[in-house]
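In what follows, a single structure is set out as C-alpha cells and then discussed.
Residue numbers (this note's numbering): 898 to 1383.
Below, the structure written as C-alpha cells:
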C-alpha cells in the first residue's frame, strides 16, 4: 500500500480549459439522447437539445453554444439549412450538419449557407470527434486573429483623409485622427456615439438616413455612394464636405466605410470662378450691345446720306451697304439675346435676316412667297458673320432681279440650311424666277455683290455652285469649325 502513488488532487486546478458547449438540434429524441451521452463521454458539454429548427434558433440565441450539430430535415415550416442561414447571419455560431440525407439536392442547398462540416448518418464516434475538434480549432485560431472591425480600424487610422467606420445602423465604430481633427477634436478623441449633429445632409436625402442611403446602393453597379454634405466642427463652424461611402461584408452583416474631404477651398474657388464668369458675361453683353449700337449708327448715317443723293444708282448702293451692315449687326443682337458669346443659333439668326429683307422689299417688289427650311445648326461667330453676309447678298439679289414687273404666276424664294456629312453645312438660296441673264458669268462678274460672295466663300474655305434650271439656285457649303478642344 505504501508503494502506491499518492492520489492527485485536481479539485483546485485552475488551468483546465472549460468544456466546449454543443447544442443538438434533431427531432429524434433517441438520437439526441445517445449523442449527448457520447459527447459527454468525449469531454464536451451539451448546452441543450432542440426538436425543431425554430427551437434550435431560439436556444442558440439564448445559450450561445460554441458549436451546433444540426439535422437537416425536421418537422415544421423550417429545415436545418434555413436555420443555419439565420444562425450564421445573426450569431456567427458554427454549424455541422449531422444527417441521413446525402443526396446532391441537399448538399447544393447546404453549401450556400457555409456549414462547418457535413456528417452522414450512421456515423462513427471517432468521426464526430474529429470533425468537432477541427471546427473548434479553426474557431480558436480565428479568434486569435484580429476581427474585421479591428483590421479596418487599423487601416483607416493610416489614411491621410478623414474616414469613418459605421455599423449597419449608422452608429460609428471608429474614426481616424484626420476625421477627428477635421471636426475640431483632438486626434486621440474617442469615437462619438452618433454622427448626428456632426454631418448634415441636404433635402435630397429626405427622411432617409446615411446608413439607409448607403446600404440601398449596396446592390448597385459598384456599391459606392458619393454626395456632398456639411460638416459641423466642435466650435459650431459649418463647412462643405464631399463624402464617398460603401459597404464591407462581415459575418452576420455589413459595415459602412466613409471617406470625407473638406472641400472648402474648392467651393471658394468655384464661387470666385462663377463670379468671374458672371463679370465676363456682363462685359461681353455690354460689348455686343455697344457694337450693335455702333452698327445702328452706321446704318443711320448711310440712310441720311442716301436721302441727300439724287442719283438712284448711288442710293441703291448705299441701301446695299445698309443691308450688309444690318446682317453683321444681327449677329451681335442674337448673341446678346441668347447669352452665348461664342456660337450662334443659325436658324434663329437667318429667320431674323429674312424677316428684315422681306420688310425692306415689301413696298417695291411684287408679292413673293418666302420659304424657310432650316435645320438646327450652330456656328462660331467667325463663320456666322461671313455666312450671314453671303445669305444677305443672295436674298437681296433674288428680290431685286428674279421677278421683273412682267412676271406672271407663282413667285417664291426658298432659303435652306442643313447639316451635311463629315461635319459640313450647306446653305441654298433658290428662286423660280427669270434666272440669270444669258452671258452673265457669276464667276467673273465685276459686280460688288457676286465679288463679295466669292470672297467670303473663299474665306470660309467653302465651295460655291450655281444652278440655272427653273430659276436660279445658289448653294455654298463649308466645314464646321471645331472648338478648341476638337
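The beta carbon of each residue, even a glycine, is placed where N, CA and C say it ideally should be.
- prompt: Which residue or residues does DSSP assign as beta-bridge partners of residue 1129?
  reply: Position 232 of the chain shown, counted from the start, is the residue given in the question as residue 1129. According to DSSP, which records beta bridges pairwise, residue 1129 is partnered with 1135.
message: According to DSSP, simplified to helix, strand and coil, what is residue 1385?
response: Here the chain comprises residues numbered 898 to 1383, so residue 1385 is not present and cannot be evaluated.
- request: State the start and end residues of the unbroken beta strand (DSSP E) segment that holds residue 994.
  value: Your numbering for residue 994 matches position 97 in the chain shown. Per DSSP, the unbroken beta strand (DSSP E) holding residue 994 starts and ends at 992 to 996.
field: Which residues DSSP lists as bridging residue 1069, in chain order
entry: Within the chain shown, the letter at position 172 stands for residue 1069. Residue pairing of residue 1069 in beta bridges, as defined by DSSP: 1063.
field: Nonlocal neighbours in the same chain, by C-beta distance under 6 Å from residue 1361, ignoring five residues either side
entry: Position 464 of the chain shown, counted from the start, is the residue given in the question as residue 1361. So the qualifying residues of the chain are 1354 and 1373.
query: Should the stretch 999 to 1019 be regarded as contacting the stretch 954 to 962, the criterion being three or more beta carbon pairs within less than 8 Å?
result: Contact fails: fewer than three Cβ-Cβ distances are below 8 Å.
message: Using the three-state DSSP reduction, which class does residue 1243 fall into: helix, strand or coil?
response: As a first step, residue 1243 must be located in the chain shown, where it is residue number 346. Judged by DSSP in its simplified three-state form, residue 1243 adopts helix.
Helix, strand or coil at residue 1377 [DSSP, three-state]: Taking the chain shown and counting its residues from 1, the one referred to as residue 1377 is at position 480. In the structure shown, residue 1377 sits in coil (DSSP, three-state: anything other than H, G, I, E or B).
- prompt: Taking DSSP as the reference, what is the three-state secondary structure of residue 1163?
  reply: The sequence position of residue 1163 within the chain shown is 266, counting from 1. Secondary structure of residue 1163 (DSSP, three-state): helix.
message: Let me confirm a value: residue 1163 is counted as buried when at least 16 other C-beta atoms fall within 10 Å, else exposed. Which label applies?
response: Residue 1163 sits at position 266 when you count from the first residue of the chain shown. Burial call: exposed.
query: Are residue 966 and residue 921 close, meaning C-beta to C-beta below 8 Å?
result: The residue you call residue 966 lines up with position 69 of the chain shown. The residue you call residue 921 lines up with position 24 of the chain shown. The beta carbons of residue 966 and residue 921 sit closer together than 8 Å.
Inter-residue CB distance, residue 1278 and residue 1295 (contact presumed, cutoff 8 Å): As a position in the chain shown, residue 1278 is number 381, starting the count at 1. As a position in the chain shown, residue 1295 is number 398, starting the count at 1. Actually they do not touch by this definition, with Cβ atoms about 26 Å apart.
Status (buried if at least 16 other CB within 10 Å, exposed otherwise) for residue 942: Reading the chain shown from its first residue, position 45 is the one you call residue 942. Exposed, because fewer than 16 other Cβ atoms sit within 10 Å of the Cβ of residue 942.
query: Roughly how many angstroms lie between the CA atoms of residue 989 and residue 1126, to the nearest whole one?
result: The residue labelled residue 989 in the question sits at position 92 within the chain shown. The residue labelled residue 1126 in the question sits at position 229 within the chain shown. For residue 989 and residue 1126, the distance between alpha carbons rounds to 35 Å.
Own chain residues within Cβ distance below 8 Å of residue 1060, not counting five before or after: Here the question's residue 1060 lines up with position 163 in the chain shown. These residues qualify, in order along the chain: 1053, 1072, 1073, 1075, 1076, 1154, 1155, 1156 and 1157.
- prompt: Since residue 1360 is in the beta strand (DSSP E), which residue starts that stretch and which ends it?
  reply: As a first step, residue 1360 must be located in the chain shown, where it is residue number 463. Judged by DSSP secondary structure, residue 1360 falls within the beta strand (DSSP E) whose first and last residues are 1360 to 1364.
- prompt: So which of 1316, 1150, 984 and 1066 has the shortest CA-CA distance to residue 1435?
  reply: As displayed, the chain neither begins before 898 nor continues past 1383, which places residue 1435 out of reach and without an answer.
- prompt: Just checking my contact of residue 996 with residue 1025 at CB under 8 Å: how many whole Å lie between their CB atoms?
  reply: One-based indexing of the chain shown puts residue 996 at position 99. One-based indexing of the chain shown puts residue 1025 at position 128. Taking a contact as a CB-CB distance under 8 Å, the pair residue 996 and residue 1025 does not count as one, their CB atoms being some 13 Å apart.
task: Please look up how many angstroms separate the CB atoms of residue 1248 and residue 1269, rounded, as I've assumed it's under 8 Å.
output: In the chain shown, the residue the question calls residue 1248 occupies position 351. In the chain shown, the residue the question calls residue 1269 occupies position 372. That belief holds up - the Cβ atoms of residue 1248 and residue 1269 are roughly 6 Å apart, short of 8 Å.
message: Just verifying my parser: in three-state terms, what is the DSSP assignment at residue 1357?
response: Within the chain shown, numbered from 1, the residue matching residue 1357 stands at position 460. The answer is coil: DSSP assigns residue 1357 none of H, G, I, E or B.
- prompt: Between the beta-carbon of residue 1325 and the beta-carbon of residue 1288, is there less than 8 Å?
  reply: The residue given as residue 1325 occupies position 428 in the chain shown. The residue given as residue 1288 occupies position 391 in the chain shown. With contacts defined as CB atoms closer than 8 Å, residue 1325 and residue 1288 fail to qualify as a contacting pair.
- prompt: Since residue 1152 sits in a beta bridge, which residues does DSSP pair it with?
  reply: Here residue 1152 refers to the residue found at position 255 of the chain shown. Residue 1152 is bridged to 1145.
Segments of 4+ residues assigned as alpha helix (DSSP H) that fall wholly inside the stretch 942 to 991: The qualifying runs are 950 to 960 and 977 to 987.
message: Going by DSSP in three states, residue 1267 sits in which element: helix, strand or coil?
response: Reading the chain shown from its first residue, position 370 is the one you call residue 1267. Strand.
- request: To the nearest angstrom, report how far apart residue 1363 and residue 1297 are at their CA atoms.
  value: Along the chain shown, one-based indexing puts residue 1363 at 466. Along the chain shown, one-based indexing puts residue 1297 at 400. Whole-angstrom Cα-Cα distance: 18 Å.
- request: Tell me whether residue 1259 sits in a helix, a strand or coil according to DSSP, three-state version.
  value: Here residue 1259 is taken as the residue at index 362 of the chain shown, counted from 1. Three-state result, residue 1259: coil.
task: Find the nearest neighbour of residue 1356 within the set 1293, 1366 and 1280, judged by alpha-carbon distance.
output: Locating residue 1356 in the chain shown gives position 459, counting from the first residue. Ranking 1293, 1366 and 1280 by Cα distance to residue 1356 puts 1280 first.
query: Among 917, 1095 and 982, which one has its Cα closest to the Cα of residue 1034?
result: Numbered from its first residue, the chain shown carries residue 1034 at position 137. If we check each option's Cα against that of residue 1034, 917 comes out closest.
query: What do you get for residue 1368, buried or exposed, if any count of 16 or more other CB atoms within 10 angstroms of its CB means buried?
result: Sequence index remark: in the chain shown, residue 1368 carries index 471 (1-based). Buried: at least 16 other Cβ atoms inside 10 Å.
- request: Can you give me the Cβ contacts of residue 979 inside the same chain, cut-off strictly under 7 Å, excluding the 5 residues immediately before and after it?
  value: Here residue 979 refers to the residue found at position 82 of the chain shown. Excluding positions up to five away in sequence, the list reads 950.
query: Name the DSSP bridge partner or partners of residue 921?
result: What you label residue 921 is simply residue 24 of the chain shown in a count that begins at 1. In the DSSP secondary-structure assignment, residue 921 is bridged to 946 and 966.
message: Rounded to the nearest angstrom, what separates residue 945 and residue 1014 at their Cα positions?
response: Numbered from its first residue, the chain shown carries residue 945 at position 48. Numbered from its first residue, the chain shown carries residue 1014 at position 117. Residue 945 and residue 1014: Cα-Cα distance of roughly 20 Å.
query: Secondary structure at residue 916, three-state DSSP: helix, strand or coil?
result: As a working note, residue 916 is residue 19 in the chain shown. In the three-state reduction of the DSSP assignment, residue 916 falls in the coil class.
query: Nearest to residue 1271 by alpha carbon, out of 1258, 1257, 1021 and 1323?
result: On the chain shown, position 374 is the one that residue 1271 refers to. Per the Cα distances, 1323.
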